[in-house]
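Worksheet: the structure to be examined is printed underneath.
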Amino acid sequence: MIINTIKKYRVLPFVASTVVLLFPAIVFAQLPQPTVTLSNPAPGAGSTLQDFVYLLIEIIQWVALPILALCIIHAGFILVSAGGNEEKITKGKLWVIWTLVGAAIILGSRVVANIIFGTASVF
Numbered sequence: 001m002i003i004n005t006i007k008k009y010r011v012l013p014f015v016a017s018t019v020v021l022l023f024p025a026i027v028f029a030q031l032p033q034p035t036v037t038l039s040n041p042a043p044g045a046g047s048t049l050q051d052f053v054y055l056l057i058e059i060i061q062w063v064a065l066p067i068l069a070l071c072i073i074h075a076g077f078i079l080v081s082a083g084g085n086e087e088k089i090t091k092g093k094l095w096v097i098w099t100l101v102g103a104a105i106i107l108g109s110r111v112v113a114n115i116i117f118g119t120a121s122v123f
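Counting along the sequence shown from 1, when you hit position 106 you're at 106 in the UniProt record's numbering, and nothing is skipped either side.
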């Protein structure tokens, strides 16, 4: 009987210390208003949707144009090394065609963005 009573009261110091330690967190729960305001680290770059889209297109073009050049070189290598093999010649022609399609899409993206933003500015 006494052992059960001691076991019950063994938890009491733990609960009491937890309540005492958590009490300041409950009292000071409201945080002060922040005094620091965050500003745009790159002003002028992406401050409007139009600027952001143009910046994104420029980055994509900067990455994609060297890749397009490598694809054209690869297609030329396939065509030169075909040696009369019709399968390799067809593969090389497909590489050239799809590389030019990709180049048209990437280079035409600025024109499409100008059309969209020009139409949107009318309304």
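All C-beta atoms in this analysis are idealised placements derived from N, C-alpha and C, irrespective of residue type, glycine included.
By the neighbour-count criterion, in which a residue is buried when 16 or more other Cβ atoms sit within 10 angstroms of its Cβ, A75 is buried. Where A82 is concerned, there is no enclosing alpha helix (DSSP H), because DSSP gives it neither an H nor an E. Collapsing the DSSP output to three states places Q50 in a helix. DSSP, reduced to helix, strand and coil, places Q61 within a helical segment of the structure shown.
In this structure, W95 sits away from I116, with a CB-CB distance that is not shorter than 8 Å. By the criterion of a C-beta distance shorter than 8 Å, L68 is surrounded in its chain by T99, G102, A103 and I106, once the five residues flanking it on both sides are discounted.
In summary, G83 is exposed, with fewer than 16 beta-carbon neighbours lying within 10 Å of its beta-carbon over all protein chains present.
With 16 or more neighbouring CB atoms inside 10 Å of its own CB, G92 falls in the buried class.
Ranked by how close their Cα comes to the Cα of W62, the residues G118, S121, L12 and R110 have R110 in first place. Distance check between L55 and each of E87, L21 and A113 places A113 closest, using alpha-carbon atoms only.
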